[in-house]
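Start counting the sequence shown at 8; every next residue gets the next number (the working numbering).
Working notes for the structure below.
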Amino acid sequence: MVLSVIEVSSTSRQQFIDITDRVEGVVNKSGVKNGVCFLYVPHTTAGITINENADPSVVTDIIETLERVIPLDGRYRHLEGNAHAHIKSSILGHSACVLIEDGRLMLGTWQGVFLCEFDGPRRRKVLVKIIEEKV
Ligand code: ZN
Numbered sequence: 008m009v010l011s012v013i014e015v016s017s018t019s020r021q022q023f024i025d026i027t028d029r030v031e032g033v034v035n036k037s038g039v040k041n042g043v044c045f046l047y048v049p050h051t052t053a054g055i056t057i058n059e060n061a062d063p064s065v066v067t068d069i070i071e072t073l074e075r076v077i078p079l080d081g082r083y084r085h086l087e088g089n090a091h092a093h094i095k096s097s098i099l100g101h102s103a104c105v106l107i108e109d110g111r112l113m114l115g116t117w118q119g120v121f122l123c124e125f126d127g128p129r130r131r132k133v134l135v136k137i138i139e140e141k142v
């Protein structure tokens, strides 16, 4: 049950970064064959989600739809200029959980894990805890 940290550098203000390969790398390194991979993003203007990583238009659609609903230049009370990012972060959430079977993440065929940047470019962390199943 070692804590791993995946460090991610975003390059744009709003961007979804596919970290699936890196999460798989943490699982492989852990040697855990069956259990749970818990992912946590300790930031207030970034989030994490699982969605399609085959067609990049999907994440673009998510970013653009969130932007229509929660625009960068909306009327907000938070004066730091990133209120939209705080709201989007809370909507998408800060954690994700994927089952591990036979040493592999049980993601669906089209699923990938994304760090969701809403106030980049920044350096972000994704905390990963692998919990082994005890039978
Ligand atoms: Zn802020």
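Using N, Cα and C, we set each Cβ at its ideal position, and we do this for glycine too.
Burial state of residue i (16 or more Cβ within 10 Å)
i      : result
LYS95  : buried
HIS85  : exposed
ARG82  : exposed
ASP62  : exposed
LEU99  : buried
ASP80  : exposed
LEU10  : exposed
SER64  : exposed
ARG130 : exposed
VAL66  : buried
Span of the alpha helix (DSSP H), counted from its first residue to its last, around residue i
i     : result
THR27 : 27 to 37
ILE70 : 64 to 76
ALA92 : 90 to 99
Candidates the options, of which the one nearest residue i by Cα
i      : options                      : result
GLY110 : ARG131, CYS44, SER16         : CYS44
ILE13  : ILE24, ARG20, SER19          : ILE24
ALA103 : GLY115, GLY88, VAL120        : VAL120
GLU59  : THR51, ILE26, LYS136         : ILE26
GLU139 : GLY38, VAL15, PRO78, VAL76   : GLY38
ALA90  : LEU10, THR51, GLN118         : THR51
GLY88  : LEU134, VAL135, GLY127       : GLY127
LEU112 : ARG29, GLU74, ARG131         : ARG29
GLY54  : VAL33, GLU31, TRP117, HIS101 : HIS101
Host beta strand (DSSP E) of residue i (start-end)
i      : result
LEU134 : 130 to 139
SER11  : 10 to 16
SER102 : 102 to 108
THR56  : 53 to 59
GLU124 : 118 to 124
GLY42  : 42 to 47
For residue j and residue i, believed in contact at Cβ under 8 Å, the rounded distance
i      : j     : result
LEU106 : VAL48 : With a Cβ gap of about 19 Å, LEU106 and VAL48 do not count as contacting.
VAL142 : LEU46 : Actually they do not touch by this definition, with Cβ atoms about 24 Å apart.
ILE137 : VAL34 : 6 Å
Proximity test, residue i beta-carbon vs the ligand MG heavy atom, cut-off 7 Å
i     : result
ARG84 : In terms of ligand content, the structure shown lacks the ligand MG and carries the ligand ZN instead.
Who's in the neighbourhood of the ligand ZN, going by beta-carbon under 5 Å from any heavy atom, listed in chain order? GLU87, ASN89
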